[in-house]
Amino acid sequence: MVSGSSLTSTSTPSTSLLKDELDIVIPTIRNLDFLEMWRPFFQPYHLIIVQDGDPSKMIRVPDGFDYELYNRNDINRILGPKAACISFKDSACRCFGYMISKKKYIFTIDDDCFVAKDPSGKEINALEQHIKNLLSPSTPFFFNTLYDPYREGADFVRGYPFSLREGAQTAVSHGLWLNIPDYDAPTQLVKPLERNTRYVDAVLTVPMRTLFPMCGMNLAFNRELIGPAMYFGLMGDGQPIGRYDDMWAGWCMKVICDHLGLGVKTGLPYIWHSKASNPFVNLKKEYKGIYWQEELIPFFQTAVLPKECRTVQTCYLELSKLVKAKLGKVDDYFNKLADAMVTWIEAWDELNPSGNPGSTAAVKPNGAAKGK
Amino acid sequence: MWQTPREQWDMSLKIEDNEVDIVIAALRSNLNTFLEEWRTFFSNFHLIIVKDPNLEEDLQIPPGFDHQVYTKSDMDRVLNGASINFSGHSCRYFGYLISRKKYIISIDDDCLPARDNSGVIVDAVAQHISNLQTPATPFFFNTLYDPYRQGADFVRGYPFSLRDGVECLLSSGLWLNIADYDAPTQIVKPHERNTRYVDAVMTVPLRAMMPFSGINIGFNREVLGPALVPGLRLVGEGKQRWETIEDIWSGMCAKVICDHLGCGVKSGLPYVWRGVGSDADNAMDSLKKEWEGVKLMEEIVPFFQSVKFPKTAVTAADCVIEISRMARENLSSLNPVYAQAADTMEAWVDLWKGD
């Protein structure tokens with residue numbers, strides 16, 4: 001592990017929300033040059049760099065950032081045999097950063113994501129928007145047609161029940177991307193030149209019992225509320241699948257959030273995604289996932305967690321049992337994944353013993369106006 | 001299993017202009033400004049203009065529109081004693097009933113065309129038609145919103161088997177300037193104006209309920225018509241939008257019915273500019289009346305959350321009858337408006353079937 005401390009800087013904003021309560025987790029195998037563009041927004045925050053691939057390679061962190069860096073040797077040393085649950089040669093390894101963090105909130109971003117501009121030309125402080133999203137309630141129980149009612153200039157519309165206007169705690173803030181859209185390989189092959197140029201000025205809550213594809217490129221979450229559910233699975237080296245890490249985490253997370261009455265937001269902020277990955281390489285990674293997904297979706301849509309499961313860990317362990325029971329027959333990979341899910345929780349609890357953030361999430365029950 | 005590229009497999013419909021009626025509820029007699037402002041976008045369509053039975057003055061309609069006006073005497077003739085109240089905002093439902101077209105678009109008479117973020121005037125009619133023509137995706141949320149829009153698609157992780165989508169039966173548009181708030185919100189924020197043009201259409205997911213505003217809508221009348229029912233009237237219903245709840249009730253009916261039929265509801269674009277004739281200053285007077293609606297919602301929401309249809313309910317009309325039965329059973333003891341709603345819904349389906 002390597003860490004660095006900050007030097008005095010003159011370019012940081014005067015108020016940085018949650019600067020002592022949020023870690024920025026960045027997986028990288030290349031370099032961290034992209035941090036230069038983010039400097040004005042990220043410098044007040046602590047970074048956790050998870051270095052994938054060859055641990056003997058030196059990843060240089062630009063000067064002035066306060067960080068800790070973990071390579072594969074560190075992960076193996078810290079987790080011992082449990083390190084097997086952390087992917088190698090895949091950005092899924094980032095979830096090690098979630099586990100090792102001691103902060104209440106996490107923001108994670110890919111190293112090919114840059115600062116985007118809004119339609120007025122102003123640079124978007126993505127981190128600030130994520131923080132706003134996380135600090136204001138979600139509205140999963142009833143859809144608001146004017147989107148986020150807590151935003152400046154918006155509110156709940158006529159007909160929105162008053163008893164649901166307190167909303168639910170927000171566990172996850174899922175951001176989007178301009179320029180290279182996050183398409184799967186077949187779509188990339190068909191539309192290699194398509195760029196996302198549409199800035200949709202909205203944050204909205206993904207309704208209860210609705211699944212969505214969660215992209216890990218530009219994502220923030222309340223680690224205390226949902227951290228243990230954010231396991232990015234077994235991907236990359238030695239695994240039959242890739243590019244489904246964030247998807248897997250997102251579906252597990254959403255089932256658990258729905259069960260515990262927590263909210264998930266999607267929409268703003270946008271980042272600028274600069275690198276189009278090779279669609280043929282992607283196709284090889286995704287291939288099995290595209291088929292398996294057809295089994296996974298009904299699995300998650302029908303997954304029921306027992307009422308007694310009131311913490312994220314117990315929910316997640318229950319889910320791992322369901323994975324083994326119902327998906328093990330799809331492919332043996334899911335048996336291994338179910339085991340890895342258990343290992344992940346064991347590792348999480350070891351690194352985050354009771355009394356620390358992430359170990360016991362006190363969660364409010366579901367909203368008032370729900371039917372019986 | 002493998003989805004052929006969407007350019008080759010276009011699951012979209014093609015809606016012709018002559019399949020659409022535009023229904024206008026005339027709550028004010030002078031429709032000159034309204035119709036002139038919409039002329040470019042309305043000119044290819046037949047208009048059904050329904051005069052609020054409580055409105056005494058003759059309607060002023062500028063020349064050059066292919067239109068038909070319906071008044072109280074038409075309603076009396078068609079109703080033939082049936083107990084449905086078409087006064088106020090509910091008069092538009094008469095237009096939905098009397099139309100013979102497959103699709104309806106309806107816009108409140110105090111709304112004008114809006115401008116998008118580039119300053120271009122929005123053709124709300126064309127946008128509703130586009131929403132109804134392209135599939136909806138209620139079973140899985142696409143984070144780039146409508147995947148059928150130019151420049152968008154399904155994102156990584158979206159199951160391929162769900163990419164055909166299902167038919168969109170209802171398109172619910174939004175409003176710039178005076179947003180559709182309830183009376184308490186209007187009172188707390190009298191000067192707030194909605195200035196945010198959100199450039200998205202999205203499908204409201206399966207089982208997600210929404211507060212459906214009747215101000216700016218399009219729908220498939222052929223399939224969904226009976227579901228848009230003027231069922232629930234507030235005792236103190238008035239002509240201000242926040243004194244009504246009929247659209248909220250019919251919207252919740254429509255949504256649970258669409259969910260049951262495996263069809264979709266979209267929300268978002270188009271925007272209209274709302275403000276002509278809207279009187280935000282009367283909110284305090286309205287609060288007494290509207291408060292009734294606010295209280296009713298607390299009973300209505302759990303009711304609709306519990307609505308389940310038998311397999312034998314295969315049409316919107318079947319489903320409306322089921323809802324009226326359930327409302328009578330579960331809600332009428334709470335408030336007489338619900339028994340009235342049940343009666344109205346049954347009478348509505350009779351009228352619909354009789355046509």
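Protein chains in written order, with full-length UniProt numbering: chain A, 1 to 372; chain B, 1 to 355. No residue lacks a Cβ here, since even glycine has one placed at the ideal position from N, Cα and C.
Not one beta carbon of chain A lies nearer than 8 Å to the beta carbon of T137 (chain B). If you draw a straight line from the Cα of I345 (chain A) to the Cα of L322 (chain A), it is about 15 Å long. For the region 27-100 of chain A, the full-length beta strand (DSSP E) segments reaching 3 residues or more read 46-51 and 66-70 along the chain. With respect to the C-alpha of S213 (chain B), the residue from B:I15, B:L31 and B:K255 having the closest C-alpha is B:K255. Shown here, H130 (chain A) sits in a helix according to DSSP, grouped into three states. Linking R325 (chain B) to V188 (chain B) through their CA atoms gives a straight-line distance of about 38 Å. Straight across, the Cα-Cα distance linking M210 (chain B) with F141 (chain B) is about 15 Å. Against S163 (chain A), the close residues of chain B are M297, E298 and V301, in the order they occur along the chain (beta-carbon pairs closer than 9 Å). Restricting attention to alpha helix (DSSP H) runs no shorter than 4 residues, the region 99-168 of chain A encloses them at 126-135, ordered along the chain. Between the alpha carbons of I22 (chain B) and L59 (chain B) lies a gap of roughly 17 Å. Residue state for V25 (chain A) is assigned as strand, using DSSP reduced to three classes. Think of a sphere of 8 Å around the beta carbon of Y271 (chain B): no beta carbon from chain A falls inside it, the nearest being about 11 Å out. Between the alpha carbons of N54 (chain B) and Y70 (chain B) lies a gap of roughly 13 Å. Three or more beta-carbon pairs separated by less than 8 Å are not found between the region 225-236 of chain A and the region 174-189 of chain A, which leaves the two stretches without contact. With fewer than 16 other beta carbons inside 10 angstroms of its own, K122 (chain A) counts as exposed. For H260 (chain B), the secondary structure class from DSSP, reduced to helix, strand or coil, is helix. Look at N177 (chain B) here: in three-state DSSP terms it is strand. Cβ-Cβ distances below 6 Å link F334 (chain A) to V323, L327 and G328 in the same chain, with the five nearest sequence neighbours on each side left out; the list follows chain order. For V201 (chain B), the closest alpha carbon among the candidates A:D246, A:K336 and A:L146 is that of A:L146.
Comparing alpha-carbon positions, the option among A:F34, A:I131, A:R60 and A:A84 lying closest to S16 (chain A) turns out to be A:I131. Burial check for H191 (chain B): the Cβ neighbour count within 10 Å stays below 16, so the residue is exposed. Beta-carbon to beta-carbon, F143 (chain A) and P207 (chain A) are separated by about 6 Å, close enough to satisfy the 8 Å threshold. Remark: C-beta atoms of P137 (chain A) and T170 (chain A) approach each other more closely than 8 Å.
Within 9 Å of the CB of V255 (chain A), no CB atom of chain B is found; the nearest one sits about 14 Å away. Contacts with chain A at 8 Å (Cβ-Cβ) include A208 (chain B). In the DSSP secondary-structure assignment, T203 (chain B) is bridged to B:K266.
Rounded to whole angstroms, Q150 (chain B) and I59 (chain A) show a C-alpha spacing of 40 Å. Where Y103 (chain B) is concerned, there is no enclosing alpha helix (DSSP H), although the beta strand (DSSP E) around it starts and stops at Y103 to I107. Chain-order list of chain B residues neighbouring K191 (chain A): D153, by C-beta distance under 7 Å.
With respect to W38 (chain B), P113 (chain B) sits close: the two C-beta atoms are nearer than 8 Å.
DSSP places H128 (chain B) in the uninterrupted alpha helix (DSSP H) bounded by A124 to Q133. As the crow flies, the alpha-carbon of P298 (chain A) is around 51 Å from that of R28 (chain B). Shown here for D246 (chain A): same chain residues with a beta carbon closer than 6 Å to its own, the five before and five after excluded, namely M214, C215 and G216 in chain order.
Short of 8 Å from the beta carbon of T314 (chain A), and not among the five residues preceding or following it, lie these beta carbons of its own chain, in chain order: E308.
Inclusion of K14 (chain B) and N131 (chain B) in the CB contact set at 8 Å is not warranted, their separation being larger than that value. Separation of the CB atoms of R221 (chain B) and Y103 (chain B) is rounded to 6 Å, and the pair is thereby assigned contact status at 8 Å.
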